[in-house]
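Enquirer: One structure is given below, represented as structure tokens, and several questions about it will come after.
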Amino acid sequence: MTGLRHHGQTLAFDGRGQGFLPITAAVDDAIAAAGFRQGIAVLLALHTSCSLTINENADPRVLDDLQAHLAALVPEAGSRPLSGDGPLRPYRHDDEGPDDMPAHIRTALTCTSLSLPVAQGRLLLGTWQAVYLWEHRRQPLRRRVRLDLLGS
Amino acid sequence: MTGLRHHGQTLAFDGRGQGFLPITAAVDDAIAAAGFRQGIAVLLALHTSCSLTINENADPRVLDDLQAHLAALVPEAGSRPLSGDGPLRPYRHDDEGPDDMPAHIRTALTCTSLSLPVAQGRLLLGTWQAVYLWEHRRQPLRRRVRLDLLGS
Amino acid sequence: MTGLRHHGQTLAFDGRGQGFLPITAAVDDAIAAAGFRQGIAVLLALHTSCSLTINENADPRVLDDLQAHLAALVPEAGSRPLSGDGPLRPYRHDDEGPDDMPAHIRTALTCTSLSLPVAQGRLLLGTWQAVYLWEHRRQPLRRRVRLDLLGS
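Protein chains in written order, with this note's numbering: chain B, 1 to 152; chain P, 153 to 304; chain D, 305 to 456.
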């Protein structure tokens, strides 16, 4: 396969607040519209308080448990002391409310950039995989995701 | 360097249960077989309960400590309460046993997709780096990893 | 856009010890020097004790809170027991001191490889995003980051 080309565009998503927004179909639509059959898709969330992640596409309890566990690892109340015992230490950055700094940390502990295979004109994923925009802020926000395609 | 091409294939690995399976050599073999000298390799684990990760290739105690720490951050018994104190909250999704939901969370906290440089016909890694399939389920499973090469 | 080409090079950074070293400008300089206008940039930290991450470029308190939270999730003193209670379990791998094994774990919980869009001759990032080399070792170290460009 020769004659590769590149195509870049920005997708926008109207969020619904904290949690998982499936974006696989929107990416597949963009791949089809750009006329790509095979290659790779590179996705970047253009924000520092939401993630891109791949996880279970079937049982919604998986996403609920994921959300709850990340909330416990990165509580809104602050960071655990190094000793492991005692009260949580409040964050210093809280300009936009109690969900501000946890959102930055949750982003750092997950992924903002994904590289994915494209085959037969769409994302090639495992049977149980879906791509999600993982919103860490509480309020509904409009989010932008850059999509770059390399292939043919 | 012009005349780039794309090659995609799926690699299969017979796992040995929870822990680290080195896959650097298998990826290098595929790069050589496909005749690539330079470019990039994109890897995607086609599952939601194992990761791809890069870490120490020398001292096996590093991998043991990594496994133990992730097990403590994402215990099989459930999530820590938001207060930090009190009993763990059991997961709601446990269809496939106590290692089911923790595997999804451990996957989300690490990586399933990696983009790596290819040079001189193989992966270009740091001196102490190896690529691992990080299995989070207890039982031995056959796992598939998609490999896409872009380069020449 | 056709006629894609590939360019690979290794960037070196003189670190300042644990924390965040901004590398966006250095990557942008390399993109310009290599004459790329659009495509993707693939970055790989060639080490197992530092990460590449994207986060806030404005308020330095975000980076301070990030550092503190990761230090609490992966303490130098060891891993939390699975029960959640009781003393931390020391790491087995400590060849290079108390910051050795935590650095490997912190690397595994973040990212070492990033794929990013290139447009108009530089990285295309969100308004508040910067790319950082996140050093997890205490001492200043010289770190190498591989940069691969695919595009035109």
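Ideal placement from N, C-alpha and C gives every residue a C-beta, glycine not left out.
List in chain order: all unbroken beta strand (DSSP E) runs of 3+ residues lying wholly within the region 258-303 of chain P.
Expert: 265-271, 281-287, 294-303
Enquirer: Of all the options D:347, D:424, D:371, D:406, which has the alpha carbon lying nearest to the alpha carbon of residue 438 of chain D?
Expert: The shortest C-alpha to C-alpha distance from residue 438 of chain D to any of D:347, D:424, D:371, D:406 is the one to D:371.
Enquirer: Quick check: the region 106-122 of chain B against the region 37-54 of chain B, are at least 3 beta-carbon pairs closer than 8 angstroms?
Expert: yes
Enquirer: Are residue 222 of chain P and residue 266 of chain P closer than 9 angstroms when you measure CB to CB?
Expert: no
Enquirer: Starting from residue 89 of chain B, follow its DSSP beta bridges and name the residues at the other end.
Expert: Under DSSP, the beta-bridge partners assigned to residue 89 of chain B are B:79.
Enquirer: Applying the 10 Å Cβ sphere with the 16-neighbour rule, what's the burial state of residue 469 of chain D?
Expert: Because chain D here runs from 305 to 456, residue 469 of chain D falls outside it and cannot be looked at.
Enquirer: Check whether the region 378-390 of chain D and the region 113-133 of chain B touch, using three or more Cβ-Cβ pairs below 8 angstroms as the test.
Expert: With the rule of 3 Cβ pairs closer than 8 angstroms, the region 378-390 of chain D does not count as touching the region 113-133 of chain B.
Enquirer: Cα separation between residue 76 of chain B and residue 23 of chain B?
Expert: A straight line joining the alpha-carbon of residue 76 of chain B with that of residue 23 of chain B spans about 27 angstroms.
Enquirer: Can you grab the Cα-Cα spacing for the pair residue 274 of chain P / residue 180 of chain P, in whole Å?
Expert: 5 angstroms
Enquirer: Pop quiz: residue 453 of chain D and residue 343 of chain D are said to be a contact at Cβ under 8 angstroms. What is the actual Cβ separation, rounded to whole angstroms?
Expert: 6 angstroms
Enquirer: Is the Cβ-Cβ distance between residue 313 of chain D and residue 450 of chain D less than 9 angstroms?
Expert: Yes, they are a contact pair.
Enquirer: Return the bridge partner residues of residue 22 of chain B from the DSSP annotation.
Expert: B:132
Enquirer: Classify residue 67 of chain B as helix, strand or coil using the three-state DSSP reduction.
Expert: helix
Enquirer: Please list, in chain order, the chain D residues whose beta carbon lies closer than 7 angstroms to that of residue 91 of chain B.
Expert: 369
Enquirer: Under 7 angstroms Cβ-Cβ, which residues of chain B neighbour residue 342 of chain D?
Expert: 6, 8
Enquirer: Which of the three DSSP states is assigned to residue 164 of chain P in this structure?
Expert: Strand, per DSSP.
Enquirer: Using only CA atoms, which one of P:296, P:253, P:272, P:244 lies nearest to residue 189 of chain P?
Expert: The shortest Cα separation from residue 189 of chain P among P:296, P:253, P:272, P:244 belongs to P:272.
Enquirer: For chain D, check one thing: does any of its Cβ atoms lie closer than 9 angstroms to the Cβ of residue 228 of chain P?
Expert: Yes, residue 228 of chain P lies at the interface with chain D (some Cβ there is under 9 angstroms from its Cβ).
Enquirer: Using 9 angstroms as the limit for Cβ to Cβ distance, is residue 153 of chain P near chain B?
Expert: Below a pLDDT of 50, predicted positions are generally treated as unreliable, and residue 153 of chain P, at 46, falls in that range; the measurement from the model is reported next regardless. It does not: the Cβ of residue 153 of chain P has no partner Cβ on chain B nearer than 9 angstroms.
Enquirer: Among the candidates P:226, P:171, P:255, whose CA atom is the shortest distance from the CA of residue 241 of chain P?
Expert: P:226
Enquirer: Can you list, in chain order, the residues of its chain with a C-beta nearer than 7 angstroms to that of residue 173 of chain P? Leave out the 5 residues immediately preceding and following it.
Expert: Its chain contains 165, 167, 284, 285, 287 as the residues whose beta carbon lies nearer than 7 angstroms to that of residue 173 of chain P, once the 5 sequence neighbours on both sides are disregarded; these appear in chain order.
Enquirer: Residue 208 of chain P: buried (16+ other C-beta within 10 angstroms of its C-beta) or exposed?
Expert: That one is buried.
Enquirer: Tell me which same chain residues have a C-beta within less than 6 angstroms of the C-beta of residue 7 of chain B, skipping the five on either side of it?
Expert: 34, 149
Enquirer: For the beta strand (DSSP E) that contains residue 352 of chain D, what are its first and last residues?
Expert: From DSSP, residue 352 of chain D is part of no beta strand (DSSP E); its letter is neither H nor E.
Enquirer: How is residue 210 of chain P classed by DSSP in three states: helix, strand or coil?
Expert: In the three-state reduction of the DSSP assignment, residue 210 of chain P falls in the coil class, being assigned neither a helical nor a strand state.
Enquirer: Assuming contact is defined by CB atoms lying nearer than 9 angstroms, are residue 448 of chain D and residue 213 of chain P in contact in what I supplied?
Expert: no
Enquirer: Looking only at its chain, what residues have a beta carbon closer than 8 angstroms to the beta carbon of residue 362 of chain D, apart from the 5 residues adjacent to it on each side?
Expert: Hits under 8 angstroms: 432.
Enquirer: So, using beta-carbon positions, are residue 350 of chain D and residue 330 of chain D closer together than 9 angstroms?
Expert: The Cβ atoms of residue 350 of chain D and residue 330 of chain D lie no closer than 9 angstroms to each other.
Enquirer: Does the CB of residue 357 of chain D have a neighbour CB from chain P at under 9 angstroms?
Expert: For residue 357 of chain D, the answer is no, since every Cβ of chain P falls outside 9 angstroms of its Cβ.
Enquirer: Could you list which residues in chain B have their beta carbon closer than 8 angstroms to that of residue 332 of chain D, in chain order?
Expert: Listed along the chain, the chain B residues whose CB falls inside 8 angstroms of the CB of residue 332 of chain D amount to none; the nearest CB is some 15 angstroms away.
Enquirer: Cα separation between residue 391 of chain D and residue 415 of chain D?
Expert: 29 angstroms
Enquirer: So with CB distances below 7 angstroms, who are the chain D contacts of residue 131 of chain B?
Expert: Those do not exist, as residue 131 of chain B stays about 14 angstroms from chain D at its closest Cβ, beyond 7 angstroms.
Enquirer: Roughly how many angstroms separate the alpha carbons of residue 85 of chain B and residue 345 of chain D, rounded to a whole number?
Expert: 43 angstroms
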